[in-house]
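Colleague: Structure below; questions to follow.
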Amino acid sequence: MAMNVVVCVKQIPDPAAPSSLDPGTKTLNRSGKLILDDSDSYGVEMALQLAGNVEGSEVTLVSMAPGGEVSGLRTALAMGAARAILVSDDSLAGSDALSTAKVLAAAIRRAEPDLVIAATESTDGYTGTLPVQVAELLGLPSVTFAKSVATDGRNLKVERQTEAGYDEVECPLPAVVTVTAGVVEPRYPSFKGIMAAKSKPVETLTVSDLGLDASQVGWAGARQEITDVSEAEARSAGEVVVDEGDGAERIVAFLEQVKVV
Amino acid sequence: MDFAESEEHELLRSATGEIARRFGHDYFVQQARSSGSSGELWQAIADQGFLGAHLPEAYGGGGGGISELTIVCEETATQGCPLLLILVSAAICAELIARFGTDGQKAAWLPGLVAGEKMAFAITEPDAGSNSHRLGTTARRDGDLYVLKGTKTFISGVDEASRLLVVTRTGTDEESGRGRLSLFVVDADAPGLTRQRIPVEMTIPEKQFTLFFDDVEVPADRLLGQEHEGLRVVFHGLNPERITGAAIGNGIGRYALAKAAAYANDRSVWGVPIATHQGIAHPLATAKVELELARLMTAKAAWLHDHDPGSAAAGEAANMAKYAAAEAALHCLDVAIQTHGGNGMTTEFGLADLWGLARLLRIAPVSREMILNFVAGHSLGLAKSY
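These protein sequence lines are chains L and Y, in that order. Read in order, the letters of the first sequence are residues 1 to 261 in our numbering. Read in order, the letters of the second sequence are residues 1001 to 1386 in our numbering.
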């Protein structure tokens, strides 16, 4: 059965470049060029693989970003997604996770998805709450921390990562699933994919296009407030162990101490 | 005029860079020192269709141009993995087959080259370095065959190639005494073809060879382009080779300056990072200016080649780009090593091992002096001595 797979993708400041906080709003400075959040590339790959298994299936990207930013979307389109929906609106500045979820849910609903895939959390915000909020707003079941995803077009089979191992979870579609970085190995875009990306449709929507009111989103609608930010504690230098023939044992002892082995 | 990089080019840059970063300079050096090849990295780049970016879509290529291949060259080199064989296999051989090959030849060879097969290019000879008119390797027609005889030297990557594109003499122009040239695609394992490795002081995976053609029989359908018209064919491959050669230099320059900037900001000897000393900062800044000028001319040359191949403007820009990029690469590497002090010469910091290749770029694909001759004669109209 052909599936319409939606992937939530976030476009974030390049983590390799120095980042800064706006001292006024205490939020991340997003004025520069944004790129595809690496953690979303796993979801895009998962979606492409699931859609690729069934003829007629299609992957749609949904993103919310300032300034009509599409750089990160183009990367995912070059990987093979068919189209994208971008919500970009000045009134969205300052949106908290719940407001963002409302916006994304409204955009996702337009795409009439059979399956919605998201990362477990973004690499710049790390709240990790958005996907389940989206699921709740859409009235869909949500399965989190998937390390493996399979579907027959009606049901979803997920291996859900836990501390001890994994749970086998099944649920009916449509559903929202969050995938971990281990779920699949993201492909690099091919030359043909890169050349095709520019001509793929990106529908750009405003808040009012989604039937939402500006007072529900952005600073106006935010129910959380960042009251203070402080410098991260400098990491200590760590312990240097000189190998006097017992290096291997010392490493094992350390790993045992932190309960890795 | 528009100097903004297109989204496609940005994506190609980032994708190539990410793939090459996964391998990295340590891999590159390890392959070079162990007499290995750049095979895995090469294949990873080929798998994305990047080595055929400039080739026709009908034969599996990307339908782009040398501008795109230049990006692939530069970005791999920027990650410390300069791939010399892109110049040879993709920029010369595949380009010439796409331009001059029959439909049958294109169908036979281009899909393989797109998929990562390698083709070596054999033109230079012991007694005819930069002077192609004097080539001594002959191809004699014998029924349905040509029989090749002679010696080629400084031929890169023959051990990794499945075939070679060989430039031969099929006659002599009686008026000028210059060779009439013809090109043949020869199997690397053809009977009568032997090779001898030339030890060189370059830390790169590709090896250099002298080739001996001892009555090597080549079917007549391996002739690329018109018989005796090979010089015209060869000339069409020179600009792509120079432009991609420039891109390798530009990539080495970026690699070196990135390492130097990181080191200068990190290294503190007199209580402040050494980057704050103008004795460190200004040489790096000067090299950066030269590098960006070289990159600009390289992009222009690639654009001109893609829009008006064989034009005088494309030839001039390709020569100037190659000159500027080779000089910039050496300068960037030199100041990067100087910035690192003693560490600049260590294996760990991965700079000094690139010196051999960067230095080669001042000699090949065309020497600095031959470029200056060209600019003097063609660009300035100065009288020629030869």
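We put the beta carbon where it would ideally sit given N, CA and C, even for glycine. For clarity, every value in this text was computed on a predicted model and none was experimentally measured.
#1: Below 8 Å on the Cβ atoms is my contact criterion, and I expect L1085 of chain Y with G1136 of chain Y to pass it. Report the Cβ-Cβ distance as a whole number of Å.
#2: Assuming the contact rule is C-beta atoms closer than 8 Å, S1176 of chain Y and A1139 of chain Y should be a hit. Round their C-beta distance to whole Å, please.
#3: Which residues does DSSP list as the beta-bridge partners of P997 of chain Y?
#4: With DSSP as the reference, label E1057 of chain Y as helix, strand or coil.
#5: Does N29 of chain L pass the burial test, meaning 16 or more other C-beta atoms within 10 Å, or should it be called exposed?
#6: Just tell me which of L:V260, L:D228 and L:V240 has its CA closest to the CA of P23 of chain L.
#7: So N1131 of chain Y is in the beta strand (DSSP E); what residue range does that whole segment cover?
#8: On the DSSP letters alone, give me the boundaries of the alpha helix (DSSP H) that C8 of chain L sits inside.
#9: Under 8 Å by Cβ, that's how I've got D38 of chain L and V9 of chain L pegged, so tell me the actual separation to the nearest angstrom.
#10: Give me the Cβ distance between V63 of chain L and L50 of chain L, rounded to the nearest whole Å; I'm assuming they're in contact under 8 Å.
#11: Should A81 of chain L be flagged as near chain Y, meaning a C-beta pair shorter than 8 Å?
#12: Which class does K147 of chain L belong to by DSSP, given the choice of helix, strand or coil?
#13: With C-beta atoms as the reference, is I12 of chain L less than 8 Å away from S99 of chain L?
#14: Would you identify the three-state DSSP class for V229 of chain L, choosing helix, strand or coil?
#15: When you compare only the Cα positions, how much space is there between A1053 of chain Y and G1062 of chain Y?
#16: For a contact defined as C-beta to C-beta under 8 Å, what are the partners of A1015 of chain Y on chain L?
#17: In the structure shown, what three-state DSSP assignment does G1116 of chain Y receive?
#18: Would you list the residues sitting across from Y166 of chain L in a DSSP beta bridge?
#19: Near E170 of chain L, which residues of its chain fall below 8 Å by C-beta distance, leaving aside the five closest residues on each side in sequence?
#20: Given a cut-off of 8 Å, decide if W1109 of chain Y and I1092 of chain Y are closer than it, judged by their beta-carbon atoms.
#21: Relative to chain Y, which residues along the segment 49–75 of chain L have a C-beta separation below 9 Å, given in chain order?
#22: Less than 8 Å between CB atoms is the rule here; does G1062 of chain Y satisfy it with respect to chain L?
#23: For V1234 of chain Y and T1168 of chain Y, I'd like the C-alpha separation in whole angstroms.
#24: Determine the direct distance from the alpha carbon of A1352 of chain Y to that of V258 of chain L, and round the result to whole angstroms.
#25: Using beta carbons (cut-off 8 Å, strictly below), is K198 of chain L in contact with chain Y?
#26: How long is the line joining the alpha carbons of E1174 of chain Y and R1134 of chain Y, rounded to whole angstroms?
#27: If you follow the alpha helix (DSSP H) that M195 of chain L is part of, which residue opens it and which one closes it?
#28: Starting from the beta carbon of Q1048 of chain Y, find every residue of chain L whose beta carbon is closer than 8 Å, and list them in chain order.
#29: Examine chain L for any beta-carbon lying closer than 8 Å to the beta-carbon of L1110 of chain Y, and answer yes or no.
#30: If the cut-off is 7 Å on Cβ atoms, which residues from the segment 1022–1055 of chain Y count as contacting chain L, listed in chain order?
#31: For G1341 of chain Y, does the count of other Cβ atoms within 10 angstroms reach 16, so buried, or fall short, so exposed?
#32: With 16 other CB atoms within 10 Å as the buried threshold, where does W1270 of chain Y fall?
#33: In chain order, what residues of the segment 1276–1296 of chain Y put their CB closer than 8 Å to some CB of chain L?
#34: Name the chain L residues that come within less than 8 Å of I1371 of chain Y, Cβ to Cβ?
#35: Whose Cβ in chain L lies nearer than 9 Å to the Cβ of E1018 of chain Y?
#36: Given a cut-off of 8 Å on the beta-carbon distance, is the pair V44 of chain L and A81 of chain L in contact?
Modeller: Per the coordinate set shown:
#1: Along the second sequence, one-based indexing puts residue 1085 of chain Y at 85. Along the second sequence, one-based indexing puts residue 1136 of chain Y at 136. At roughly 25 Å, the Cβ-Cβ gap does not stay under 8 Å, so L1085 of chain Y and G1136 of chain Y are not in contact.
#2: On the second sequence, residue 1176 of chain Y is found 176 positions in, with the first residue counted as 1. On the second sequence, residue 1139 of chain Y is found 139 positions in, with the first residue counted as 1. The Cβ separation is near 19 Å, so there is no contact.
#3: Residue 997 of chain Y is absent from the model: chain Y starts at 1001 and stops at 1386.
#4: Here residue 1057 of chain Y refers to the residue found at position 57 when the second sequence is read from its first residue. Note: E1057 of chain Y maps to helix in three-state DSSP.
#5: On the first sequence, position 29 is the one that residue 29 of chain L refers to. So N29 of chain L counts as exposed.
#6: Taking the first residue of the first sequence as 1, we reach residue 23 of chain L at position 23. For P23 of chain L, the nearest C-alpha among the options comes from L:D228.
#7: As a first step, residue 1131 of chain Y is located in the second sequence; it is residue number 131 there, counting from the start. From DSSP, N1131 of chain Y is part of no beta strand (DSSP E); its letter is neither H nor E.
#8: In the first sequence, the residue the question calls residue 8 of chain L occupies position 8. No alpha helix (DSSP H) holds C8 of chain L; the beta strand (DSSP E) holding it covers N4 to C8.
#9: Counting from one through the first sequence, the residue named residue 38 of chain L turns up at place 38. Counting from one through the first sequence, the residue named residue 9 of chain L turns up at place 9. About 11 Å; that fails the 8 Å criterion.
#10: Numbered from its first residue, the first sequence carries residue 63 of chain L at position 63. Numbered from its first residue, the first sequence carries residue 50 of chain L at position 50. Looking at the sequence shown, residue 63 of chain L is not Val but Ser. Their Cβ separation, rounded to whole angstroms, is 19 Å, which puts S63 of chain L and L50 of chain L out of contact at 8 Å.
#11: As a working note, residue 81 of chain L is residue 81 in the first sequence. False, the Cβ-Cβ gap to chain Y never drops below 8 Å.
#12: Stepping through the first sequence from its first residue, residue 147 of chain L is reached at position 147. Three-state DSSP puts K147 of chain L in a strand.
#13: Locating residue 12 of chain L in the first sequence gives position 12, counting from the first residue. Locating residue 99 of chain L in the first sequence gives position 99, counting from the first residue. No, the Cβ-Cβ distance between I12 of chain L and S99 of chain L is not below 8 Å.
#14: Taking the first sequence and counting its residues from 1, one reaches residue 229 of chain L at position 229. If DSSP states are grouped into helix, strand and coil, V229 of chain L belongs with coil.
#15: Taking the first residue of the second sequence as 1, we reach residue 1053 of chain Y at position 53. Taking the first residue of the second sequence as 1, we reach residue 1062 of chain Y at position 62. When rounded, the distance between both Cα atoms is 4 Å.
#16: Start at 1 with the first residue of the second sequence, and residue 1015 of chain Y comes out as number 15. Near A1015 of chain Y (Cβ distances below 8 Å), the residues of chain L are A78, Y188, P189 and I194.
#17: Counted from its first residue, the second sequence places residue 1116 of chain Y at position 116. Coil at G1116 of chain Y, not helix or strand.
#18: Translated into positions along the first sequence, residue 166 of chain L becomes position 166. In DSSP, Y166 of chain L forms a bridge with L:Q161.
#19: In the first sequence, residue 170 of chain L corresponds to position 170, counting from 1. Around E170 of chain L: N155, L156, K157 and V158.
#20: The count along the second sequence starts at 1 and reaches residue 1092 of chain Y at position 92. The count along the second sequence starts at 1 and reaches residue 1109 of chain Y at position 109. No, the Cβ-Cβ distance between I1092 of chain Y and W1109 of chain Y is not below 8 Å.
#21: V70, S71, R74 and T75
#22: By 1-based counting over the second sequence, the position of residue 1062 of chain Y is 62. By this cut-off, G1062 of chain Y is an interface position.
#23: Here residue 1234 of chain Y corresponds to residue number 234 of the second sequence, with the count starting at 1. Here residue 1168 of chain Y corresponds to residue number 168 of the second sequence, with the count starting at 1. Rounded to the nearest angstrom, the two C-alpha atoms are 11 Å apart.
#24: Residue numbering aside, residue 258 of chain L sits at position 258 when the first sequence is read from its first letter. Residue numbering aside, residue 1352 of chain Y sits at position 352 when the second sequence is read from its first letter. C-alpha separation (whole angstroms): 40 Å.
#25: In the first sequence, the residue the question calls residue 198 of chain L occupies position 198. Answer yes: the Cβ-Cβ gap between K198 of chain L and chain Y drops below 8 Å somewhere.
#26: In the second sequence, the residue the question calls residue 1174 of chain Y occupies position 174. In the second sequence, the residue the question calls residue 1134 of chain Y occupies position 134. Between E1174 of chain Y and R1134 of chain Y, the C-alpha separation is close to 14 Å.
#27: Your numbering for residue 195 of chain L matches position 195 in the first sequence. F191 to A197 is the span of the alpha helix (DSSP H), which, as asked, contains M195 of chain L.
#28: Mapped onto the second sequence, residue 1048 of chain Y falls at position 48. Close partners of Q1048 of chain Y in chain L (Cβ separation under 8 Å): Y188, P189, S190 and F191.
#29: As a position in the second sequence, residue 1110 of chain Y is number 110, starting the count at 1. By this cut-off, L1110 of chain Y is not an interface position.
#30: Q1048, G1049, F1050 and A1053
#31: As a working note, residue 1341 of chain Y is residue 341 in the second sequence. By the 10 Å Cβ count, G1341 of chain Y comes out exposed.
#32: Mapped onto the second sequence, residue 1270 of chain Y falls at position 270. Exposed is the call here.
#33: The residues in question: there are none.
#34: Taking the first residue of the second sequence as position 1, residue 1371 of chain Y is located at position 371. Simply none; closest approach about 31 Å.
#35: For the purposes of this step, residue 1018 of chain Y is taken as the residue at position 18 of the second sequence. Neighbours of E1018 of chain Y on chain L, chain order: Y188.
#36: For the purposes of this step, residue 44 of chain L is taken as the residue at position 44 of the first sequence. For the purposes of this step, residue 81 of chain L is taken as the residue at position 81 of the first sequence. It is a contact, given that the beta carbons lie within the stated cut-off.
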